[in-house]
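**Q** For the sequence shown, this note's numbering assigns the number 216 to the initial residue and increments by one for each residue that follows.
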Amino acid sequence: EWKESVIDPSQIDKYLVDGEDFICEDTIKQQIKDGENPSDEYIEKIIQKALSVHTLAPEETAALLNVKSPQMWDKIFAAALELKKKVYDNRIVFFAPLYCSNLCVNNCEYCGFREKNCTEKRVILDSDHIKRETRSVLNEGHKRLILVFGEHPKSDIDYMIDAIKAVYDVEAEAPKSGKLANIRRVNINAAPMSIEKLQRLKETGIGTYQVFQETYHKKTYSEVHPKNTLKGDYHWRLYALHRAMEAGIDDVAIGALFGLYDWKFEVMGLLYHTLELENRFGVGPHTISFPRITPASGSDLSKNLPYQVSDEDFKKIVAILRLSVPTAGLIITARENPELKREVIKLGCTQTDASTRIGIGGYSDQLNQDKQQFTIGDPRDLDDVIQEVLKEGFIPSFCTAGYRCGRTGETIMGMLSHCVEGKFCKLNAVLTFKEYLYDYASEETRRLGEKVIEKELKEIHKEQYFIDHPKLTGKFDQQFHDITI
Ligand code: SF4
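1. Using the beta-carbon count (16 or more within 10 Å), is Pro224 buried or exposed?
2. Assuming Pro407 is part of the alpha helix (DSSP H), what are its boundary residues?
3. So what's Asn321 in DSSP terms, helix, strand or just coil?
4. Could you tell me whether the Cβ atoms of Cys319 and Glu348 are closer together than 7 Å?
5. Mapping the DSSP letters down to three states, classify Ser316 as helix, strand or coil.
6. Please report the straight-line C-alpha distance between Ser342 and Tyr314, rounded to a whole angstrom.
7. For Asn552, count the other beta carbons within 10 Å of its own beta carbon; 16 or more makes it buried, fewer makes it exposed. Which is it?
8. Does Asp341 get closer than 7 Å to chain C when you measure Cβ to Cβ?
9. In whole angstroms, give me the CA-to-CA distance for Thr542 and Val268.
10. According to DSSP, is Tyr187 helix, strand or coil?
11. Count the other CB atoms, across all protein chains shown, that sit within 10 Å of the CB of Ser392; report buried if there are 16 or more and exposed otherwise.
12. CB Ile610 to CB Glu650, shorter than 7 Å?
13. Just to check, is the beta-carbon of Lys331 closer than 6 Å to a non-hydrogen atom of the ligand SF4?
14. Please return the same chain residues whose Cβ sits closer than 7 Å to the Cβ of Val282, not counting the five positions on each side in sequence.
15. From the DSSP output, read off the bridge partner residues of Thr542.
16. Once you ignore the five residues that flank Ile700 on each side, which residues in its own chain have a CB closer than 6 Å to its CB?
17. Can you list, in chain order, the residues of its chain with a C-beta nearer than 7 Å to that of Ile698? Leave out the 5 residues immediately preceding and following it.
18. Which same chain residues end up closer than 8 Å to Pro390 when comparing Cβ atoms and leaving out the 5 residues on each side of it in sequence?
19. Could you tell me which uninterrupted alpha helix (DSSP H) segments, each at least 4 residues in length, are contained entirely in the segment 257-311, listed from first to last along the chain?
20. Pick helix, strand or coil for Ile573, following the three-state DSSP scheme.
21. Can you find the residues in the same chain that come closer than 6 Å, C-beta to C-beta, to Ser539, ignoring five residues on each side of it along the sequence?
22. Go through its chain and collect everything with a Cβ distance to Glu400's Cβ below 6 Å, but skip five positions before and after it.
23. Near Gly513, which residues of its chain fall below 7 Å by C-beta distance, leaving aside the five closest residues on each side in sequence?
24. Please state if the CB of Thr430 and the CB of Tyr476 are separated by a distance shorter than 7 Å.
25. My guess is that Ile379 and Met408 are in contact by the Cβ rule of under 8 Å, so how many angstroms apart are they, rounded?
26. Quick one: Cα of Lys446 to Cα of Val352, how far?
27. Just checking my contact of Met483 with Gln246 at CB under 8 Å: how many whole Å lie between their CB atoms?
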């Protein structure tokens, strides 16, 4: 009964073209096959197209998927970082996930929260508990949260709205400075819903709305998401972000759960999803996520995977996504271990989480860390991860200004494609990171951080100097020295 009250077939059918969706499996498979043995010259051409900040065509991504030469992969990896810096500068944005409930009516085979997993104790956080969790996350220094909801009548749209308001209500004193801090942006990971409900979410003041398709391969999708469950409806999920766009939520996030089916097919699925959103709404996904399946409590499937993705292939996935969709943010999460995260961040990632606790109530109570939706590989505190990122030469950012200033959807994507957002955001990264250093950072992080800020400020001044003095070259260092003195 509840399924019928949730899924509105008219909000699927309107997007189909001649009854067909935008994932044509035969075409994708043929394109991957046709892309075999690409010449080095063709790959170089594709890299140059990506570096000029253009979304790749499916045939081009298919060619990248078929590269075999290690030398060519080195070029692709280098281009991925170059492109990231060109579009997003060298910022890494930090966030924390907050799991509100592990009640779920679905039975996804790979998930510890699935309804039939009797080993799982069910918990749903009330507003007070969500505020406690928010305070703990704030104490780490986060400014950006993603609220994660299971699909269940108890975590319906009213519950979600109350949870978002509870987060925004909290003010907590920063431990070092005593300054009051709050969460400035709440993103949402929630089940697909109707346009009417999405409009209510939008009115509450959310940032990005995430729905991951998990797998774009229909047969696999139906095998791991039983038909009689809400999530069993492939199309209700495939068009979730179309409905979000129609509801006015123009920052949407796509993702696939790698390990369910052939990774090459899933990369193509993500590209086709991007192209569909770009063609239909003029704006692609704000971010793309590419989690790999990790073992979950009570799930056999997550331990026996025919399509498990190796670390080597995982790096290829990230670099190909970077080149294929230059304007999308790429999120590497704490599912992965610190060593791999360190490598993958250098392949074009723009966001990561830290101090992550995915047990329900895990931040304030340290509850349920052994019973989780999946396993995390990087449990380090935010301060530790920030130190590492600084040592790699990136600047951590806690900026949420774009969302408050209306730089969302088409506006931000336009700025990104003209490579001006990175420069714009560099200032905000410096400001918000400096704020973090004073309010939360350890002595060592502050020492490392000040050095990186000095370098960033120099770059900002340098850029401005050459804008102000277009005919001058080579005199910047002396000028910068004078400014800083
Ligand atoms: Fe529920 Fe999501 Fe887990 Fe599926 S993956 S069982 S929808 S919480």
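Glycine included, every Cβ here is placed at the ideal spot set by N, Cα and C. Because the structure is a prediction, the values reported are computed rather than measured.
**A** According to the structure data:
1. As a working note, residue 224 is residue 9 in the sequence shown. Label assigned to Pro224: exposed.
2. Taking the sequence shown and counting its residues from 1, one reaches residue 407 at position 192. No alpha helix (DSSP H) holds Pro407; DSSP gives it neither H nor E.
3. Here residue 321 refers to the residue found at position 106 of the sequence shown. If DSSP states are grouped into helix, strand and coil, Asn321 belongs with coil.
4. Position 104 of the sequence shown, counting from 1, holds the residue named residue 319. Position 133 of the sequence shown, counting from 1, holds the residue named residue 348. Not in contact: Cys319 and Glu348 (Cβ atoms no closer than 7 Å).
5. Residue mapping note: residue 316 aligns to position 101 of the sequence shown, counting from 1. In this structure, Ser316 counts as strand in the three-state DSSP scheme.
6. In the sequence shown, residue 342 corresponds to position 127, counting from 1. In the sequence shown, residue 314 corresponds to position 99, counting from 1. Cα-Cα distance, rounded: 13 Å.
7. Reading the sequence shown from its first residue, position 337 is the one you call residue 552. Asn552 is exposed by the Cβ-count criterion.
8. Here chain C cannot be found, since the structure has a single protein chain.
9. The residue given as residue 542 occupies position 327 in the sequence shown. The residue given as residue 268 occupies position 53 in the sequence shown. So the two alpha carbons sit approximately 7 Å from each other.
10. Coverage of the chain is limited to positions 216 through 700, which leaves residue 187 absent and any answer about it impossible.
11. The sequence position of residue 392 within the sequence shown is 177, counting from 1. So Ser392 counts as exposed.
12. Position 395 of the sequence shown, counted from the first residue, corresponds to residue 610. Position 435 of the sequence shown, counted from the first residue, corresponds to residue 650. Contact: no.
13. Looking up residue 331 in the sequence shown gives position 116. Lys331 Cβ: outside cutoff for every heavy atom of the ligand SF4.
14. Counting from 1 along the sequence shown, the entry for residue 282 is found at position 67. Excluding positions up to five away in sequence, the list reads Pro253, Ile258, Trp288 and Ile291.
15. The sequence position of residue 542 within the sequence shown is 327, counting from 1. Thr542 pairs with nothing; no bridge assigned.
16. For the purposes of this step, residue 700 is identified with residue 485 of the sequence shown, where counting begins at 1. Reliability fails at Ile700, whose pLDDT of 40 lies under 50, so the model's placement of it is uncertain and no value is given.
17. For this step, residue 698 is matched to residue 483 along the sequence shown. Residue placement at Ile698 cannot be trusted, given a pLDDT of 47 that sits under 50; the coordinates are not used to answer.
18. Residue mapping note: residue 390 aligns to position 175 of the sequence shown, counting from 1. Within the same chain, Pro390 has close Cβ partners Asn354, Asp654 and Tyr655.
19. 273-280 and 285-303
20. Translated into positions along the sequence shown, residue 573 becomes position 358. Note: Ile573 maps to coil in three-state DSSP.
21. Your numbering for residue 539 matches position 324 in the sequence shown. Contacts found: Leu271, Thr276 and Leu486.
22. As a working mapping, residue 400 is identified with position 185 in the sequence shown. Inspection of the sequence shows that residue 400 is occupied by Arg rather than by Glu. Only Arg359, Gly422, Thr615 and Tyr618 meet the Cβ criterion.
23. Mapped onto the sequence shown, residue 513 falls at position 298. These residues qualify, in order along the chain: Gly327, Asn332, Thr334 and Glu335.
24. Within the sequence shown, numbered from 1, the residue matching residue 476 stands at position 261. Within the sequence shown, numbered from 1, the residue matching residue 430 stands at position 215. The answer is yes: Cβ separation under 7 Å.
25. As a first step, residue 379 is located in the sequence shown; it is residue number 164 there, counting from the start. As a first step, residue 408 is located in the sequence shown; it is residue number 193 there, counting from the start. So it is not a contact: roughly 14 Å between Cβ atoms.
26. On the sequence shown, residue 446 is found 231 positions in, with the first residue counted as 1. On the sequence shown, residue 352 is found 137 positions in, with the first residue counted as 1. Taking the Cα positions, Lys446 is about 30 Å away from Val352.
27. As a working note, residue 483 is residue 268 in the sequence shown. As a working note, residue 246 is residue 31 in the sequence shown. The pair is a contact, with the Cβ atoms about 7 Å apart (cut-off 8 Å).
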